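Below is one structure; the comments refer to it alone.
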Amino acid sequence: AQSVTQLDSHVSVSEGTPVLLRCNYSSSYSPSLFWYVQHPNKGLQLLLKYTSAATLVKGINGFEAEFKKSETSFHLTKPSAHMSDAAEYFCVVSGSGTYKYIFGTGTRLKVLA
Amino acid sequence: DTAVSQTPKYLVTQMGNDKSIKCEQNLGHDTMYWYKQDSKKFLKIMFSYNNKELIINETVPNRFSPKSPDKAHLNLHINSLELGDSAVYFCASSHRQAVVHGYTFGSGTRLTVV
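Here's what the structure looks like:
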């Protein structure tokens, strides 16, 4: 079975400082992993995805994530936070079928001025 | 605009009523989904259709019934609404190879049952 754990429910950073949102996964086969962002009262937008190609994945808005099989992790990072990054972030692993996503419980990122 | 569009955006209704949420996508995707997001922001899949055929049906009450008249539409009908049905419902679509392309989500329907 597949599962995903987001280690922090809330993260606060100051504007201009680095962002780290942590995600660990469990999968019985080589997983596909995604990060989605949800701004308040909005739908979910795909930030980036890992599908067994390069382990360092670059996404939109300066975000990137590194797939580490030995650590079963897929942490999301950004060198410098912007106020507009304040949102809910979801780590996702693809389920046992092609279609089903397993969502993490989300990490709320707060960016302080 | 190419998108996944849901209507209505907000829905407030009384317990016991029957309501529908509509979803349409013009992305040419062949697979559509309904997800429920609870008050703690947890997202769980409810249904998935591929080319008008049901392929995922998680453990949801029988009061929820999806209808897919064609592969561009997946509507959600809910009978005898209960307080616990209050949530945000997201429609999404993808190509069958979702692991490569990812999902495209609609902007959600906030259902409030009073």
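Each protein sequence line maps, in turn, to chains A and B.
Counting from 1 along the first sequence, just add 533 to a position and that's the residue number in this note's numbering.
Counting from 1 along the second sequence, just add 265 to a position and that's the residue number in this note's numbering.
Think of the CB as a built atom: it goes at the ideal place given N, C-alpha and C, for glycine as much as any other residue.
For clarity, every value in this text was computed on a predicted model and none was experimentally measured.
Item: Listing by chain order, which chain B residues have their CB less than 7 Å from the CB of A:Gly576?; Value: Phe355, Phe370, Gly371, Ser372 and Gly373
Item: Measuring only the C-alpha atoms, how far is A:Ser606 from B:Pro334?; Value: 40 Å
Item: Do the segment 551-569 of chain A and the segment 273-284 of chain B make contact, defined as three or more Cβ pairs closer than 8 Å?; Value: no
Item: B:Leu308 CB to nearest chain A CB: under 8 Å?; Value: yes
Item: List the whole-angstrom C-beta distance separating B:Tyr354 from B:Leu341, where the pair is believed to meet the contact cut-off of C-beta under 8 Å.; Value: 7 Å
Item: Using a Cβ-Cβ cutoff of 7 Å, what residues of the segment 587-607 of chain A are near chain B? List them in chain order.; Value: none
Item: Any beta carbon of chain A sitting closer than 8 Å to that of B:Ile286?; Value: no
Item: Beta-carbon of A:Tyr562 versus every beta-carbon of chain B: anything under 8 Å?; Value: no
Item: Mind listing which residues of the segment 312-323 of chain B have their C-beta closer than 8 Å to chain A's C-betas, in chain order?; Value: Ser313, Asn315, Ile320 and Ile321
Item: Mind checking B:Gln279: buried by the 16 CB within 10 Å criterion, or exposed?; Value: exposed
Item: Looking only at C-alpha atoms, which of A:Glu604, A:Thr538 and A:Ile593 sits nearest to A:Lys611?; Value: A:Ile593
Item: Taking the beta strand (DSSP E) that B:Asp335 falls in, what are its first and last residues?; Value: Phe329 to Asp335
Item: Residues of chain B with CB closer than 8 Å to the CB of A:Leu609, please, in chain order.; Value: Within chain B, no residue comes near A:Leu609; the closest Cβ sits about 15 Å away, beyond 8 Å.
Item: Going by DSSP, what residue range makes up the beta strand (DSSP E) through A:Thr588?; Value: It is not in any beta strand (DSSP E) - A:Thr588 carries neither H nor E in the DSSP assignment.
Item: Once DSSP output is grouped into helix, strand and coil, what is the label at A:Asn574?; Value: coil
Item: For a quick check, are the C-beta atoms of B:Gln302 and B:Ala352 less than 8 Å apart?; Value: yes
Item: With 16 as the cutoff for other CB atoms within 10 Å, does A:Thr550 come out buried or exposed?; Value: exposed
Item: Is there a Cβ from chain B that is less than 8 Å from the Cβ of A:Tyr634?; Value: yes
Item: Considering only their Cβ atoms, is the gap separating A:Val552 from A:Ala619 smaller than 8 Å?; Value: no
Item: Any beta-carbon of chain A closer than 8 Å to the one on B:Gly293?; Value: no
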